[in-house]
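What follows is a set of notes on a single structure, which appears directly below.
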Amino acid sequence: MRNNHAFGAEMRLISAILFVVEFVRGAVLVSLLPIYGAKTLGLAPDVIGAAISAHYLVDTMLKMAIGYLLDRFSIRIVVQVGLIVSLAGVVLLRFAELPWMFIGAAALYGIGMSPIWIACLTKVSAQQRAAQMGLLYTVWMVGLGSGPIVCTILLDVSVSFTYNLLVSLSAAACLLTLFVNRTKAQATERIPLGKQLNLLKGQVRSMRLLLPGMILQTAGASMLVPILPGYAEQELGLSGAQYSILLTTGGLTAIASLIPMGKLSDRLTSKKWFLVAGFGVFGFGLWMLASGLAFCYCLLISAMLGLSYSAILPAWNALLATYVPPKQEGVGWGMLSTFEGFGVMIGPAAGGLLAAQNGESSVFWTSAALFGLIGLFYLWLPKRAFATTNKSDKQVERS
């Protein structure tokens with residue numbers, strides 16, 4: 050009999066909450082903060098970059114603690130408290146007229162982002178990691194991608210209406226948590242904290258060759274966030290509608306490709322060539338965008354970026370899943386998300402500073418170089434480093 054537990058009624062509810070949360074997050078980070086901060090509040094790119102970095106800093110710093118709490122308390126309580134705090138952050142953005150207030154509101158908003166994502170990850174089954182993560186990332190990407198598209202169009206109509214819509218959706222996500230089951234993320238094995246830390250240290254040692262890529266890829270992608278709307282308007286000469294079409298093209302290509310790429314990745318024990326090709330093509334696409342091509346060419350590049358992204362995501366997360374200690378999925382995913390979050394913490398601030406000093410095109414050149422270097426680094430690594438062969442189970446046995 051087919052096991053639908055991982056995507057049963059509770060998982061569908063959590064996925065719906067994830068969609069709403071990521072819709073608002075994408076709208077806030079990619080459109081509201083850069084556009085509202087620059088045009089309405091008159092803030093410089095480095096301040097906007099600092100605000101986005103502060104959001105991810107708080108998000109990252111809490112990931113390990115959130116993972117620990119999800120292993121011991123119900124998903125409902127942890128997710129609900131986080132989303133209520135995040136709602137307060139969205140509400141405060143309207144009153145954030147000074148740079149420090151703007152940065153503080155963005156940081157407060159980051160508190161509630163970790164629980165829902167880690168809760169979803171703990172539900173993924175070991176048998177079909179890449180395929181199920183493809184489905185999960187489809188939900189995530191549709192939300193994260195449609196948020197900026199809708200928000201960018203609405204901001205041209207009414208800033209007040211757009212802001213109120215995002216507040217209402219944040220409140221709706223909080224209300225949806227009332228229907229989440231009170232049970233824990235899963236039945237966890239009670240391992241003493243000292244032994245648990247030793248297990249996690251063992252996982253870090255075993256994946257040390259992958260750590261540079263974990264940090265650099267998130268840094269390279271996130272450094273584009275503060276400057277995307279401005280670059281599209283000033284350097285590429287795109288209207289708000291054209292910018293939304295560009296985002297839609299890349300997003301739809303990625304969404305359409307995620308599940309097929311996930312299934313193909315599931316058939317392979319090594320994810321090396323998925324990652325080498327994905328990062329290489331992604332870096333080349335960013336390099337092409339930095340050249341300031343016409344809109345029709347940008348559409349093709351956007352589709353290429355979406356396709357390469359869909360190749361990277363399922364393979365990368367299926368590989369990371371092999372390093373998560375069994376019966377400690379919350380803490381394990383929290384640890385891995387923390388490492389990935391280091392890049393997201395520094396990326397927006399670095400991108401904002403680069404844009405302020407050298408122009409927005411320099412951010413694209415730098416990001417393209419980073420992704421190209423990651424692809425070359427993974428090409429150099431031996432194939433065994435990418436094998437998905439239950440490394441976490443072996444680590445537990447040795448312990």
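Following our numbering, the numbering of the sequence shown begins with 50 at its first residue and continues without gaps.
Backbone N, C-alpha and C define an ideal beta-carbon position, used for all residues, glycine too.
Note that this is a predicted model, so its numbers are computed, not measured.
- Within the stretch 283-320, the runs of alpha helix (DSSP H) at least 4 residues long that lie entirely inside it are, in chain order, 289-315.
- Pairing Y212 with F331, the inter-Cα distance amounts to about 32 Å.
- Taking a contact as a CB-CB distance under 8 Å, the pair A364 and F333 does not count as one, their CB atoms being some 18 Å apart.
- Contact between F151 and L92 holds, with the beta-carbon distance rounding to 6 Å and staying under 8 Å.
- At the C-beta level, Y117 and G138 stay beyond 8 Å of one another.
- DSSP places S411 in the helix class (H, G or I) of the three-state scheme.
- T226 and L119 have their C-alpha atoms some 15 Å from each other.
- Under the 8 Å Cβ criterion, the stretch 275-290 does not count as touching the stretch 422-432, having fewer than three qualifying pairs.
- In the three-state DSSP reduction, S207 falls in the coil class, being neither helix nor strand.
- In the DSSP annotation of this structure, the continuous segment of the alpha helix (DSSP H) that includes S271 starts and ends at L260 to S271.
- Each of A268, V229 and P275 was checked against the Cα of S123, and the nearest Cα belongs to V229.
- Here S64 carries a helix assignment [DSSP, helix/strand/coil].
- Annotation for A360: the continuous alpha helix (DSSP H) segment containing it runs F344 to A370.
- Pairwise C-beta distances place the stretch 391-410 out of contact with the stretch 286-299, as fewer than three of them are shorter than 8 Å.
- In this structure, the straight-line span from the alpha carbon of R74 to that of Y105 is close to 11 Å.
- Its Cα nearest to that of G194, the residue Y358 stands out among A99, A222, P309 and Y358.
- Secondary structure of R143 (DSSP, three-state): coil.
- Its chain contains G269, M272, L273 and L335 as the residues whose beta carbon lies nearer than 6 Å to that of S416, once the 5 sequence neighbours on both sides are disregarded; these appear in chain order.
- Ranking C347, I264, A339 and C169 by CA distance to the CA of L184 puts C169 first.
- By alpha-carbon distance to T267, the top candidate from E71, S386, S217 and N407 is S386.
- In terms of Cβ geometry, M190 and I361 do not form a close pair [threshold 8 Å].
- Taking a C-beta distance under 8 Å as the contact criterion, A398 and A99 qualify as a contact pair.
- Between L62 and A405, the alpha-carbon positions lie close to 42 Å from each other.
- For G153, the enclosing alpha helix (DSSP H) begins and ends at P148 to Y158.
- Taking 8 Å as the upper bound for CB-CB distance, L215 and A76 are in contact here, some 6 Å apart.
- A Cβ-Cβ separation of about 6 Å places L258 in contact with L430 under the 8 Å criterion.
- Inclusion of S351 and L295 in the CB contact set at 8 Å is warranted, their separation being smaller than that value.
- As the crow flies, the alpha-carbon of A58 is around 46 Å from that of L403.
- Buried is the label assigned to E409, since at least 16 other Cβ atoms lie within 10 Å of its Cβ.
- A Cβ-Cβ contact shorter than 8 Å links G401 with P275.
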